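Numbering (the numbering used here), first residue to last: 2 to 441.
Here the structure comes first, spelled out in structure tokens, and everything after it is commentary.
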Amino acid sequence: MPTKMKAIISSDKEDKIRKIIEDANVYNDPISIAGMQYSQGGQTLYPNGILLDMKNYNKILELNKEKKLLTVQSGVTWAEIQSYINPYGLALKVSQSQNIFTVGGSLSVNVHGRDIQFTSLIDSVESFRLLNAEGNIIHVSREENTELFKLVIGGYGLFGVILDVTLQLTDDELYQIRTTSLSYDEYSSYFTTNVIEDDTVKMHLARISVAPDSFFTKMYTTDYYMSDDQSQLKNHSTLKREALIAIPKFFLGLSRINDGGKNMLWEIQEAYNQKIDGSYISRNNVMRSNSVFMEYENTSKTEVLQEYFVPIDQFTAYMDDLRETLKDEKDFNLLNITVRYVKKNEESVMSYAKEDMFALVMLINQGTSEESIEETRKVIRKMIDITLDYDGSYYLPYYNFPTREQLEKAYPRTEEFFNMKEKYDSEERFMNLFYEEYHK
Numbered sequence: 002m003p004t005k006m007k008a009i010i011s012s013d014k015e016d017k018i019r020k021i022i023e024d025a026n027v028y029n030d031p032i033s034i035a036g037m038q039y040s041q042g043g044q045t046l047y048p049n050g051i052l053l054d055m056k057n058y059n060k061i062l063e064l065n066k067e068k069k070l071l072t073v074q075s076g077v078t079w080a081e082i083q084s085y086i087n088p089y090g091l092a093l094k095v096s097q098s099q100n101i102f103t104v105g106g107s108l109s110v111n112v113h114g115r116d117i118q119f120t121s122l123i124d125s126v127e128s129f130r131l132l133n134a135e136g137n138i139i140h141v142s143r144e145e146n147t148e149l150f151k152l153v154i155g156g157y158g159l160f161g162v163i164l165d166v167t168l169q170l171t172d173d174e175l176y177q178i179r180t181t182s183l184s185y186d187e188y189s190s191y192f193t194t195n196v197i198e199d200d201t202v203k204m205h206l207a208r209i210s211v212a213p214d215s216f217f218t219k220m221y222t223t224d225y226y227m228s229d230d231q232s233q234l235k236n237h238s239t240l241k242r243e244a245l246i247a248i249p250k251f252f253l254g255l256s257r258i259n260d261g262g263k264n265m266l267w268e269i270q271e272a273y274n275q276k277i278d279g280s281y282i283s284r285n286n287v288m289r290s291n292s293v294f295m296e297y298e299n300t301s302k303t304e305v306l307q308e309y310f311v312p313i314d315q316f317t318a319y320m321d322d323l324r325e326t327l328k329d330e331k332d333f334n335l336l337n338i339t340v341r342y343v344k345k346n347e348e349s350v351m352s353y354a355k356e357d358m359f360a361l362v363m364l365i366n367q368g369t370s371e372e373s374i375e376e377t378r379k380v381i382r383k384m385i386d387i388t389l390d391y392d393g394s395y396y397l398p399y400y401n402f403p404t405r406e407q408l409e410k411a412y413p414r415t416e417e418f419f420n421m422k423e424k425y426d427s428e429e430r431f432m433n434l435f436y437e438e439y440h441k
């Protein structure tokens, strides 16, 4: 929903950003922090507050090629980083599949990607500088201000302004793509046997059919194996640009309208996956998936994301329960589900990966009327309850449909998180709608 802000302020200078915080302390203005603003749960907004837009604070500061460390300002995007490091034969350890997000925003939601060794962004963060609620700049790492390291990453902008970040990089590599079509009840064993136990598999992605003819039963996987001949990397290292936008956009549009469109889209997706089997791609290009074809404008409808994390050994039973729940929800327009792997990592206080998990990302088309939003809310709460029944969790950057009870069950350290917010920002200088919704 629209949120009226007192002002939107942006700067590319550290001293000016610091002055914004100092002035907010004088005038008692709440501050919310924004990157690209793709979060859907109000994490970048607060009524009558100051919106601190960090997109112009986007310089690349230093590259240590020997140690493979890169220091950047928080408003830089992954795409800009890739363009900078690709000529050096370097690549990111962790980022989202799409490279359109800022580093600061990505830290704030502790993103994850396709890599099966480095799964959560916190894995690849060396350190960062934080502008806190008092207007002081402090250095944060695993050795210094350790508590804040675990709070700020996955902290949704509630503990201060991330100024610059030092990231651990890795080598760009050449991968061979291998694809497999399989039934949903084969997926867990396939993954544990053919992916996680094979050191040559570096990245993994799967997709679940939402087409009526194969709803929640058919899947395909895309695995990225280390190529035997890395000397060929130079032939594949040019960063790809998004192409063929019209065709996938057309078929995605059809799938929004009716079941026939969904069946057709699944057939095309599966055929394309088979077509790329055996092809080669660089690591950097794996980490810059297409996104323009997903852009959607409609005066009466919108699209929302959900993401659920479920233990690997619970996947089959979980899918059975989800299918049973959704089969009667005829107006729930589910367009897509992709699956990634996230390794257990409880370093962040608000960790979504309490054990090794599959992450299911769902794209949902819904109406914008109050009635439509309420119907979507009801279905999502049902899906979250099922997820929690399987000791799973859900991702927080999306709409605030879950209840406080669901939040606490998915994130057992919620109360600790809010207590730490009061410790480090007792005046509630940094505020957003997510905090307003759940800290009551």
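For each residue, glycine too, the CB sits at the ideal point set by N, CA and C.
Fair warning: this is a prediction, and the values are worked out from it, not measured in the lab.
Using beta-carbon positions only, say whether residue i and residue j come within less than 9 Å of one another.
i: L131; j: I139; result: yes
i: G42; j: S109; result: no
i: N334; j: R208; result: no
i: S238; j: N87; result: yes
i: L336; j: N366; result: yes
i: F418; j: I34; result: no
i: Q83; j: V104; result: no
i: A212; j: E268; result: yes
i: F119; j: T167; result: no
i: V343; j: D357; result: yes
i: N420; j: Y47; result: no
i: N259; j: S182; result: no
i: V77; j: Q97; result: no
i: L53; j: I10; result: yes
i: S121; j: V141; result: no
i: K355; j: N286; result: no
With residue i as the anchor, note down where its beta strand (DSSP E) starts and where it stops.
i: S215; result: Per DSSP, S215 belongs to no beta strand (DSSP E) and is neither H nor E.
i: I277; result: I277 -> no beta strand (DSSP E), and no H or E assigned at all.
i: A8; result: 8-11
i: A134; result: First-last for A134: undefined, no H or E at that position.
i: S370; result: That residue, S370, is in no beta strand (DSSP E); it is neither H nor E in DSSP.
i: L93; result: 91-93
i: I32; result: 32-35
At which residues does the alpha helix (DSSP H) containing residue i begin and terminate?
i: K410; result: 405-411
i: D172; result: Per DSSP, D172 belongs to no alpha helix (DSSP H); it is in the beta strand (DSSP E), 162-172.
i: D54; result: Premise fails: D54 lies in the beta strand (DSSP E), 51-54, not in any alpha helix (DSSP H).
i: L175; result: Element bounds for L175: not the alpha helix (DSSP H) but the beta strand (DSSP E), 175-184.
i: Y439; result: 434-439
i: L149; result: 147-153
i: Y425; result: 415-425
i: S40; result: Unbroken run through S40: none, as it is neither H nor E.
i: V287; result: 284-287
i: K17; result: 15-28
i: G106; result: 104-110
Does the Cβ of residue i have 16 or more other Cβ atoms within 10 Å, making it buried, or fewer, making it exposed?
i: T222; result: buried
i: K60; result: exposed
i: P31; result: buried
i: G279; result: exposed
i: A411; result: buried
i: D332; result: exposed
i: D116; result: buried
i: R284; result: buried
i: K424; result: exposed
i: E174; result: buried
i: A8; result: exposed
i: T201; result: exposed
i: E308; result: buried
i: G161; result: buried
i: D229; result: exposed
i: I21; result: buried
i: D224; result: buried
Hey, residue i and residue j are a contact pair by Cβ (cut 8 Å); roughly how many whole angstroms apart?
i: M37; j: G114; result: Not quite, the Cβ-Cβ distance comes to about 16 Å (not below 8 Å), so this is no contact.
i: D392; j: P312; result: 6 Å
i: S349; j: G50; result: At roughly 25 Å, the Cβ-Cβ gap does not stay under 8 Å, so S349 and G50 are not in contact.
i: K13; j: T72; result: Checking the displayed sequence, the identity of residue 13 turns out to be Asp instead of Lys. Actually they do not touch by this definition, with Cβ atoms about 16 Å apart.
i: L306; j: M351; result: Between M351 and L306 the Cβ distance is about 18 Å, and since that is not below 8 Å, they are no contact.
i: I282; j: Y176; result: 6 Å
i: R405; j: Y439; result: 6 Å
i: T326; j: K383; result: 6 Å
i: F217; j: Y185; result: 6 Å
i: N264; j: D214; result: 5 Å
i: S189; j: T317; result: 6 Å
Less than 8 Å separating the Cβ of residue i from some heavy atom of the ligand NAD?
i: V162; result: Among the components of this structure there are no ligands whatsoever, and the ligand NAD is therefore not found.
Problem set entry | Segments of 3+ residues assigned as beta strand (DSSP E) that fall wholly inside the stretch 302-357 | 302-312, 334-343
Exercise. Taking only runs of the beta strand (DSSP E) that begin and end inside the stretch 62-88, which ones reach a length of at least 3 residues, in chain order?
Worked result: Taking only runs of at least 3 residues, the beta strand (DSSP E) segments lying wholly in the stretch 62-88 are 70-74.
Problem set entry | 4 or more residues per run - each alpha helix (DSSP H) lying fully within the stretch 188-260 | Counting whole runs of 4 or more residues, the stretch 188-260 contains the alpha helix (DSSP H) stretches 188-191, 247-258.
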